[in-house]
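**Student:** One structure, pasted below without further comment.
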Amino acid sequence: MPVDAWIAGVVFLVAYLLIAIEPFDRTLIALIAGLLVILLGVIDQEGALAAVDWNVILLLAGMMIIAGILARTGLFEWVAIRAVRLSDGHPIRLMLLLAATTAIASAVLDNVTTVILTVPITLVVTRRLGVSPVPYLIVMVLASNIGGTATLIGDPPNIMIASAAGLGFEDFLINLAPVAVVTFIAMALLMVAAFRNHLEIPTERREAALEATEAATITDRPMLARALVVLGVTLAGFLFHRMLGLEPATIALFGATVLMVICRVDPHDAFREVDWRTLFFFIGLFVLVESLVQAGIIAGVAQSFADHAAGDPTLASLSLLWISGGLSAIIDNIPYTATAIPVVEHLVAQGMPAEPLWWSLALGACLGGNLTLVGASANVVVANLALAAGHRIGFFEFLRYGAVVTIVSLLISTIYIWLRYLA
358 MPVDAWIAGV VFLVAYLLIA IEPFDRTLIA LIAGLLVILL GVIDQEGALA
408 AVDWNVILLL AGMMIIAGIL ARTGLFEWVA IRAVRLSDGH PIRLMLLLAA
458 TTAIASAVLD NVTTVILTVP ITLVVTRRLG VSPVPYLIVM VLASNIGGTA
508 TLIGDPPNIM IASAAGLGFE DFLINLAPVA VVTFIAMALL MVAAFRNHLE
558 IPTERREAAL EATEAATITD RPMLARALVV LGVTLAGFLF HRMLGLEPAT
608 IALFGATVLM VICRVDPHDA FREVDWRTLF FFIGLFVLVE SLVQAGIIAG
658 VAQSFADHAA GDPTLASLSL LWISGGLSAI IDNIPYTATA IPVVEHLVAQ
708 GMPAEPLWWS LALGACLGGN LTLVGASANV VVANLALAAG HRIGFFEFLR
758 YGAVVTIVSL LISTIYIWLR YLA
């Protein structure tokens with residue numbers, strides 16, 4: 358194995374271990390690791406800049422500004438009171454309501470946008486009820502990744518697979534939505550069982566929350582009206598961004614800029630709403646993962662898989678599902694999917710059935726993100742937004758629940774792929 362591969366592998370493993378035990382801030386760990394692979398010559402500066410997915414970074418920045426301005430109007434407080442009333446203040450019903458809303462929104466939008474808008478609501482709800490938001494946030498993360506699996510636009514790997522395989526929106530809906538629904542139900546049952554005894558709400562807080570009135574929470578109705586129009590246009594832009602020829606980041610920044618202008622928000626104040634720690638964590642992580650790509654480690658794993666699975670559709674499809682799930686939990690699923698697509702194309706060219714391979718890749722790449730706290734973009738965003746509000750979600754705390762859900766999700770996907778495409 359080349360020296361670059363050893364360096365990239367060691368730096369990545371050490372960084373991952375430090376992120377897990379977190380002796381100091383995980384953002385600093387990611388930045389130091391990213392700088393190390395540049396300084397050690399594994400990746401050059403131009404390659405490092407190209408490795409950063411600026412669409413993700415700027416999408417996050419734009420949506421954080423929009424969410425921050427919306428928070429000033431009292432909208433999140435209003436939605437929180439409605440959520441408490443709809444669930445009658447019952448903790449399990451509230452958890453399921455938030456999870457279902459997040460999953461559905463993640464299927465229609467992307468899951469990063471969804472959690473930026475739903476996390477503030479969850480923080481307000483749990484503050485009013487006097488309970489920890491951590492269990493609710495963990496379930497929301499799991500729901501967002503499952504919901505994003507169901508459609509072409511829900512998660513970046515699906516968009517990449519659709520482009521490579523020539524698949525349309527209806528193909529994903531027909532082939533992935535059924536297994537996503539079953540997986541969501543399984544996740545919900547598992548999380549209800551796991552958190553049932555950890556969601557007690559003090560009676561007096563529940564009664565006070567139920568007695569609260571929505572009208573008093575809206576602090577600036579004219580600003581809210583303008584903000585909702587801009588939010589609606591922005592979300593519509595996300596849905597039709599391919600037809601418009603615009604990246605989601607462009608749409609998010611346009612929405613944020615228009616909102617600052619029409620709501621007369623000082624940019625200095627608006628930029629304080631951006632969680633810069635999250636953005637720089639992603640920048641460091643993108644560079645670190647790209648070092649694995651450039652060192653040939655990911656391509657080597659993919660080629661080894663192709664060599665061993667050739668000629669056996671069942672072995673190829675199910676191995677691809679589990680390998681994708683495992684690797685997507687460790688590295689970002691975007692570079693992994695980009696590397697795996699040529700492998701699938703190679704296997705299809707050799708005469709293997711395309712459907713089980715493409716859907717195995719999609720399910721593994723999307724659902725594997727639920728395994729670890731850094732397995733998907735939405736996970737990192739939720740963890741850092743929670744930390745900014747004073748609530749820490751630990752790596753191993755998330756792993757305890759994410760591992761169970763991911764294993765069950767991949768088992769369900771295994772049965773589904775085998776029964777529908779291979780039996």
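Counting from 358, one number per residue, gives the positions in the sequence shown under my numbering. We put the CB at the ideal spot given by N, CA and C, even for glycine. Quantities reported herein were computed from a predicted structural model and do not represent experimental measurements.
Within 10 Å of its beta-carbon, does Val801 have 16 or more other beta-carbons around it, so buried, or fewer, so exposed?
**Tutor:** The requested residue 801 is not part of the displayed model; the chain covers only 358 to 780.
**Student:** Within the segment 639 to 718, note down every full alpha helix (DSSP H) run reaching 4 residues or more, in order along the chain.
**Tutor:** Whole alpha helix (DSSP H) segments, 4+ residues: 654 to 666, 670 to 687 and 690 to 706.
**Student:** Under 7 Å between the Cβ atoms of Ala521 and Val482?
**Tutor:** Along the sequence shown, one-based indexing puts residue 521 at 164. Along the sequence shown, one-based indexing puts residue 482 at 125. It is not a contact, given that the beta carbons lie outside the stated cut-off.
**Student:** Using only the alpha-carbon positions, how far apart do Arg485 and Phe643 sit?
**Tutor:** Here the question's residue 485 lines up with position 128 in the sequence shown. Here the question's residue 643 lines up with position 286 in the sequence shown. Cα-Cα distance, rounded: 37 Å.
**Student:** Starting from Pro448, trace the alpha helix (DSSP H) both ways and give me its first and last residue.
**Tutor:** As a first step, residue 448 is located in the sequence shown; it is residue number 91 there, counting from the start. Segment Pro448 to Val465, the alpha helix (DSSP H) holding Pro448.
**Student:** Closest to Leu396 by C-alpha separation, out of Val409, Leu416, Asp382 and Val368, would be which residue?
**Tutor:** If you number the sequence shown from 1, residue 396 lands on position 39. The option with the nearest alpha carbon to Leu396 is Val368.
**Student:** Specify, as a first and last residue, the run of the alpha helix (DSSP H) that Pro513 falls within.
**Tutor:** As a working mapping, residue 513 is identified with position 156 in the sequence shown. Run containing Pro513: Pro513 to Ala522, per the alpha helix (DSSP H) assignment.
**Student:** Put Val538 into one of helix, strand or coil per three-state DSSP.
**Tutor:** Counting from 1 along the sequence shown, the entry for residue 538 is found at position 181. It is helical.
**Student:** Excluding sequence positions up to five away, which residues of its chain have a Cβ less than 6 Å from the Cβ of Thr470?
**Tutor:** On the sequence shown, residue 470 is found 113 positions in, with the first residue counted as 1. Only Met420 meet the Cβ criterion.
**Student:** Is Ser489 helix, strand or coil by DSSP?
**Tutor:** Reading the sequence shown from its first residue, position 132 is the one you call residue 489. In the structure shown, Ser489 sits in coil (DSSP, three-state: anything other than H, G, I, E or B).
**Student:** Whose CA, out of Pro513, Leu581, Ile518 and Met497, lies closest to the CA of Phe541?
**Tutor:** Sequence index remark: in the sequence shown, residue 541 carries index 184 (1-based). Comparing Cα positions, the closest option is Met497.
**Student:** Where does Ala593 land, buried or exposed, given buried means 16+ other C-beta within 10 angstroms?
**Tutor:** As a working mapping, residue 593 is identified with position 236 in the sequence shown. Ala593 comes out exposed.
**Student:** Nearest to Pro692 by alpha carbon, out of Ser661, Ile655 and Trp716?
**Tutor:** Here residue 692 corresponds to residue number 335 of the sequence shown, with the count starting at 1. The residue with the shortest Cα to Cα distance from Pro692 is Ile655.
**Student:** Relative to the C-alpha of Thr771, which candidate in Ser717, Glu702 and Val731 has its C-alpha closest?
**Tutor:** Stepping through the sequence shown from its first residue, residue 771 is reached at position 414. Of the listed residues, the one whose Cα sits closest to Thr771 is Ser717.
**Student:** When burial is assigned at 16 or more other CB atoms within 10 Å of the CB, is Arg599 buried or exposed?
**Tutor:** As a first step, residue 599 must be located in the sequence shown, where it is residue number 242. So Arg599 ends up on the exposed side.
**Student:** Can you tell me the Cβ-Cβ gap for Ser674 and Ile774, rounded? I've got them flagged as a contact below 8 Å.
**Tutor:** In the sequence shown, the residue the question calls residue 674 occupies position 317. In the sequence shown, the residue the question calls residue 774 occupies position 417. Contact flag correct, Cβ pair sits at about 6 Å.
**Student:** Are Ala686 and Ser676 touching if we call contact CB-CB under 7 Å?
**Tutor:** On the sequence shown, position 329 is the one that residue 686 refers to. On the sequence shown, position 319 is the one that residue 676 refers to. For Ala686 and Ser676, no; Cβs fall outside 7 Å.
**Student:** Starting from Thr576, trace the alpha helix (DSSP H) both ways and give me its first and last residue.
**Tutor:** Along the sequence shown, one-based indexing puts residue 576 at 219. Neither: Thr576 is in no alpha helix (DSSP H) and is coded neither H nor E.
**Student:** Determine, using beta-carbon pairs with one atom in the segment 580 to 588 and one in the segment 376 to 391, whether at least three such pairs fall under 8 Å.
**Tutor:** At 8 Å Cβ cutoff, the stretches do not touch.
**Student:** Alpha carbon to alpha carbon, what distance is there between Ile400 and Val394?
**Tutor:** Here residue 394 corresponds to residue number 37 of the sequence shown, with the count starting at 1. Here residue 400 corresponds to residue number 43 of the sequence shown, with the count starting at 1. Roughly 6 Å separates the two Cα atoms.
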